[in-house]
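Please read the structure below before turning to the comments.
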Amino acid sequence: MTMRRRVLIALAAGALAAPFALRAQQQRTYRIGFLGNSTAAFEANLVGPFREGLRELGYVEGRNIIIEYRWAEGKYERFPELIAELVARKVDVIVTAGTPAALAVQRATATIPLVMVAVGDPVSTGLVASLARPGGNSTGLTSIAPDLEGKRLELLREVVPKLSRVSFLLNPDNAFHVGSEKQARAAAQVLHLDVQFVGVRMDSDFDHAFNTIARERPDAFIVFADRVFLHNRGRIVDFAARNRLPAVYPYRELVEAGGLMSFGPNYAEMHRRAATYVDKILKGAKPADLPVEQPTKFELIINPKSAKALGVTIPQALLLRADEIIQ
Numbered sequence: 007m008t009m010r011r012r013v014l015i016a017l018a019a020g021a022l023a024a025p026f027a028l029r030a031q032q033q034r035t036y037r038i039g040f041l042g043n044s045t046a047a048f049e050a051n052l053v054g055p056f057r058e059g060l061r062e063l064g065y066v067e068g069r070n071i072i073i074e075y076r077w078a079e080g081k082y083e084r085f086p087e088l089i090a091e092l093v094a095r096k097v098d099v100i101v102t103a104g105t106p107a108a109l110a111v112q113r114a115t116a117t118i119p120l121v122m123v124a125v126g127d128p129v130s131t132g133l134v135a136s137l138a139r140p141g142g143n144s145t146g147l148t149s150i151a152p153d154l155e156g157k158r159l160e161l162l163r164e165v166v167p168k169l170s171r172v173s174f175l176l177n178p179d180n181a182f183h184v185g186s187e188k189q190a191r192a193a194a195q196v197l198h199l200d201v202q203f204v205g206v207r208m209d210s211d212f213d214h215a216f217n218t219i220a221r222e223r224p225d226a227f228i229v230f231a232d233r234v235f236l237h238n239r240g241r242i243v244d245f246a247a248r249n250r251l252p253a254v255y256p257y258r259e260l261v262e263a264g265g266l267m268s269f270g271p272n273y274a275e276m277h278r279r280a281a282t283y284v285d286k287i288l289k290g291a292k293p294a295d296l297p298v299e300q301p302t303k304f305e306l307i308i309n310p311k312s313a314k315a316l317g318v319t320i321p322q323a324l325l326l327r328a329d330e331i332i333q
């Protein structure tokens with residue numbers, strides 16, 4: 007066989023094989039790890055938009071992606087075990103919400119890309135080097151906003167004009183709450199309010215925390231953003247109702263459960279946006295080069311039925327500013 011003929015045969019074979027290789031590459035099935043803070047039922051309204059976002063980008067579960075779900079059930083101490091399971095499954099990327107979960111993933115692996123959703127201040131907590139250039143293996147969306155706790159205090163002042171003392175529920179294990187507490191204290195000083203901060207790390211801490219708050223007899227109540235609180239939404243809302251405490255929550259789910267009002271970013275939309283980060287990473291982008299996205303819209307959700315039960319009146323001007331009224 008002449009050299010020229012061998013070359014022609016090799017080229018023809020390569021040309022025939024190329025479409026098959028390309029098709030095989032296109033048909034690769036990616037494995038996504040989703041680390042949930044709560045349960046599948048409690049986070050259905052967040053997982054749903056994430057899955058929809060993936061479908062809009064051409065990903066079909068069971069065809070070109072598999073989502074490995076792991077649920078902490080409100081117990082942060084379960085994170086290392088659940089993350090180890092995802093690492094063992096050789097996931098291509100891990101998605102999770104909240105600062106504690108993101109920090110747990112970062113401690114467990116420096117190689118698997120992490121897409122964070124609704125983390126607090128990712129720079130001060132050490133998750134990224136900067137919002138513009140995250141560095142490392144983490145990127146995603148932050149819920150950070152200037153003076154967010156101050157705005158929640160101002161909302162309470164509108165509902166309770168004689169407001170003088172406010173209790174806050176925080177999680178000492180959430181690194182972001184250090185900054186949130188400073189923000190709340192500074193805002194309270196400007197508004198001439200006395201504040202009390204009570205910590206809850208796990209389910210078993212709630213009864214003691216509620217008794218502590220009840221003894222102080224505050225005029226109102228604010229809950230910091232934390233997935234332990236989202237998981238225990240029913241207990242928190244029931245406590246506020248029993249003690250006739252007007253409250254502002256970080257998540258709309260607590261208002262849907264009977265709470266007075268919430269003010270914060272649209273977390274469902276943030277989970278939908280997380281799908282775009284997953285898509286870019288699966289296509290070869292490095293998390294280190296993908297800027298962390300900040301929220302541009304904050305929603306005020308009000309439940310007038312709860313206001314009536316608490317014996318407070320929502321000013322008409324505040325109702326008109328609400329993004330949604332839950333009846």
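Counting from 7, one number per residue, gives the positions in the sequence shown under my numbering.
By construction, the Cβ of each residue, glycine as well, lies at the ideal position given by its N, Cα and C atoms.
Exercise for review: Return yes when the Cβ of residue 207 is within less than 8 Å of the Cβ of residue 177, no when it is not.
Suggested key: It is a contact, given that the beta carbons lie within the stated cut-off.
**Study point:** Span separating the alpha-carbon of residue 199 from that of residue 224
**Key:** 11 Å
Review point. Cα-Cα, which of 274, 327, 125 and 67 is closest to residue 39?
Key: 67
Review point. Contact check, residue 101 vs residue 123 under 8 Å by CB: the rounded distance?
Key: 7 Å
Exercise for review: For my contact list, residue 169 and residue 94 are in at a C-beta cut-off of 8 Å; report their separation, rounded to the angstrom.
Suggested key: 51 Å between Cβ atoms; not a contact.
Point to revise | Spatial neighbours of residue 110 in its chain, beta-carbon cut-off 7 Å, leaving aside the 5 residues before and after | key: 85, 86 and 89
Check your understanding: Does the Cβ of residue 232 have 16 or more other Cβ atoms within 10 Å, making it buried, or fewer, making it exposed?
Key -> buried
Exercise for review: Express the C-alpha separation of residue 297 and residue 139 in angstroms, rounding to a whole number.
Suggested key: 6 Å
Practice item. Give the C-beta separation of residue 147 and residue 279 to the nearest angstrom, bearing in mind that I take them to be a contact with Cβ-Cβ under 8 Å. Key: Rounded, the Cβ-Cβ distance is 6 Å, consistent with contact.
**Study point:** Helix, strand or coil at residue 30 [DSSP, three-state]
**Key:** The predicted model places residue 30 with a pLDDT of 44, which falls under 50 and marks its position as unreliable; any figure quoted below should be read in that light. Note: residue 30 maps to helix in three-state DSSP.
Exercise for review: Rounded to whole angstroms, what's the CA-CA distance from residue 332 to residue 253? Just pull it up for me.
Suggested key: 15 Å
Review point. Run through DSSP, which three-state label would residue 276 get?
Key: Residue 276: helix per DSSP, three-state reduction.
Check your understanding: When we look at the beta-carbon of residue 34 and count the other beta-carbons within 10 Å, is it buried (16 or more) or exposed?
Key -> exposed
Exercise for review: Assign residue 298 to one of three DSSP states: helix, strand, or coil.
Suggested key: Of the three classes helix, strand and coil, the one that applies to residue 298 here is coil, per DSSP.
Exercise for review: Tell me residue 75's beta-bridge partners as DSSP assigns them.
Suggested key: 40
Exercise for review: Inspect the CB distances between the stretch 292-310 and the stretch 264-273 and report whether three or more fall short of 8 Å.
Suggested key: yes
Review point. Relative to the alpha-carbon of residue 211, which residue among 191, 194, 228 and 234 has its alpha-carbon at the smallest distance?
Key: For residue 211, the closest alpha carbon among the candidates 191, 194, 228 and 234 is that of 234.
Point to revise | Alpha carbon of residue 49 to alpha carbon of residue 42, nearest angstrom | key: 8 Å
Check your understanding: Span of the beta strand (DSSP E) holding residue 226?
Key -> 226-229
Exercise for review: Check whether the Cβ atoms of residue 44 and residue 260 lie closer than 8 Å to each other.
Suggested key: no
Review point. Candidates 127, 132, 125 and 126: which alpha carbon is nearest residue 113's?
Key: For the set 127, 132, 125 and 126, the Cα lying nearest the Cα of residue 113 is the one of 132.
Exercise for review: Label residue 321 either buried or exposed according to how many other C-beta atoms from any shown protein chain fall within 10 Å of its C-beta, with 16 as the threshold for buried.
Suggested key: Its Cβ having fewer than 16 others within 10 Å, residue 321 is exposed.
Review point. Can you give the Cα-Cα distance for residue 163 and residue 214, rounded to whole angstroms?
Key: C-alpha separation (whole angstroms): 27 Å.
Point to revise | Straight-line Cα distance separating residue 294 from residue 143 | key: Distance between the alpha carbons of residue 143 and residue 294 is about 6 Å.
Review point. What runs of the alpha helix (DSSP H), each 4 residues or longer, lie entirely inside the stretch 181-265?
Key: Listed in chain order, they are 182-196, 212-222, 233-237, 239-248 and 258-262.
Point to revise | Distance, residue 69 Cα to residue 244 Cα | key: 43 Å
Check your understanding: In whole angstroms, what separates the C-alpha of residue 134 from that of residue 75?
Key -> 25 Å
Check your understanding: With 16 other CB atoms within 10 Å as the buried threshold, where does residue 314 fall?
Key -> exposed
Exercise for review: Locate the beta strand (DSSP E) running through residue 270, then write down its first and last residues.
Suggested key: From DSSP, the beta strand (DSSP E) with residue 270 extends over 267-271.
**Study point:** Which listed residue (310, 63, 230 and 154) has its alpha carbon closest to that of residue 330
**Key:** 310
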